[in-house]
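In this note's numbering, the protein residues as written are 4 to 391. No residue lacks a Cβ here, since even glycine has one placed at the ideal position from N, Cα and C. These numbers were taken from a predicted model, which means no experiment stands behind them. Below you'll find the structure, written out as structure tokens, and then a few comments.
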């Protein structure tokens, strides 16, 4: 194990304009020093370098000493924890753990709040809202919860509460349990907990009831669109719905799509945008049927489609299905299922489907080469040729 020590010091080499000096936590690990500043300064005469505290002559000595005391406790805990577990502690590791505001807390809820704050810029507003709703539901079931209480018995009791008391549907309680496991995964990865309490918990996703359209049904809708016989509002909805069926894009991504997101690579058009849900880049080839649905561009940053709210869109989709005599409950989200099932039925391999739909982060992050663009294009050309 590496020797480690720390001390509260005043930095006399960094005087401020008002004559005060920064107070820092000086950490030495493996004979290498690291200074972590406090959010306050003080005059040299007001700091006791031997006892490492702020003297009473400083008007804010009480508050400053509370912070120093809290820092001492936290630094000691980190060093003891690593020593007990016989793990090497580097300066970078110490700083990372020290700056984790949740370190040392056993509260499961505090950790979720910490994740929400930490990942607010990484996650979509919808995901953050989902986290907050799950946290609120958990607190109604159990006002206080520690990591040690999150186990199989808790999961069983919480599941029964959601089913019997809240009357949650299967997909709703599944998402709640999956959320708990996801939080534990992250806590284990961040070394917040030494053992994963839900590692062996199997949560089977219920089979979804979302319907998808067949190629023949897509061709029916496409023929209806090309006929020009629809009212303008129905024609508009059918336009961006077909676009989503052909590209697999989510509702919010279609709504946010602008002409600046349409790029060319070797004279072939691609959609290149950041997904609203995952914050990851998505690249989708624009084949002929997709291109025909694109309206005329008025200006560069113009939204491509005039997308109605989800409820209005789904109401009009119901009317469109009746016109085409398609006896299925189709919503806008069905477009994504339609694209996925069409590609699957055309024997498109799983990696390529994941890249087109943007469902797998690892694939999205590691497949941006020219070869992969060709792979995407070939898959979508097969889809294009299957349509009339």
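Assumed close pair residue i, residue j - CB separation to whole angstroms, cut-off 8 Å
i, j, result
"residue 359", "residue 287", "6 Å"
"residue 190", "residue 140", "Actually they do not touch by this definition, with Cβ atoms about 19 Å apart."
"residue 39", "residue 101", "7 Å"
"residue 335", "residue 293", "17 Å between Cβ atoms; not a contact."
"residue 50", "residue 26", "7 Å"
"residue 236", "residue 319", "7 Å"
"residue 393", "residue 341", "Because residue 393 is not part of the residues shown, which for the chain are 4 to 391, the question remains open."
Candidates the options, of which the one nearest residue i by Cα
i, options, result
"residue 357", "74, 379, 65", "379"
"residue 255", "306, 290, 269", "306"
"residue 45", "39, 13, 69", "13"
"residue 309", "258, 263, 30", "258"
"residue 234", "291, 326, 296", "326"
"residue 63", "160, 43, 202", "43"
"residue 156", "125, 72, 201", "201"
"residue 186", "168, 282, 122", "122"
"residue 223", "184, 117, 78, 245", "245"
"residue 390", "297, 221, 361", "221"
"residue 282", "22, 384, 73, 125", "125"
"residue 271", "253, 285, 290", "290"
"residue 207", "175, 232, 219", "175"
"residue 251", "346, 324, 96", "346"
"residue 71", "166, 280, 165, 9", "9"
Paired residues, beta bridge with residue i - DSSP
i, result
"residue 343", "Answer is none; residue 343 lacks a bridge partner."
"residue 285", "276"
"residue 37", "30"
"residue 261", "306"
"residue 25", "44"
"residue 267", "272"
"residue 51", "56"
"residue 290", "DSSP output for residue 290 lists no bridge partner at all."
"residue 7", "32"
"residue 13", "26"
"residue 110", "149"
Can you list, in chain order, the stretches of the alpha helix (DSSP H) that have 4 or more residues and sit fully within the segment 125-185?
You should have 128-144, 155-163.
Do the segment 81-89 and the segment 55-62 touch if we need at least three Cβ pairs shorter than 8 Å?
These segments do not touch.
Any chance the segment 142-161 sits against the segment 188-207, with 3 or more Cβ pairs inside 8 Å?
Using a Cβ-Cβ distance cut-off of 8 Å, the segment 142-161 and the segment 188-207 are in contact, since at least three pairs of beta carbons, one from each stretch, lie closer than that value.
Decide yes or no for the touch test of the segment 261-280 against the segment 327-339: beta carbon pairs closer than 8 Å, at least 3 of them.
Two segments are said to touch when three or more pairs of C-beta atoms, one from each, lie closer than 8 Å; by this definition the segment 261-280 does not touch the segment 327-339.
If we require 4 or more residues per run, which alpha helix (DSSP H) segments fall completely within the segment 228-253?
Counting whole runs of 4 or more residues, the segment 228-253 contains the alpha helix (DSSP H) stretches 235-250.
Under 8 Å, with one C-beta from each stretch per pair, do the segment 87-100 and the segment 237-251 reach the 3-pair mark?
Cβ pair count under 8 Å is below three, so no.
How do the segment 218-229 and the segment 310-321 stand: do at least 3 beta-carbon pairs fall below 8 Å, yes or no?
No contact exists between the segment 218-229 and the segment 310-321.
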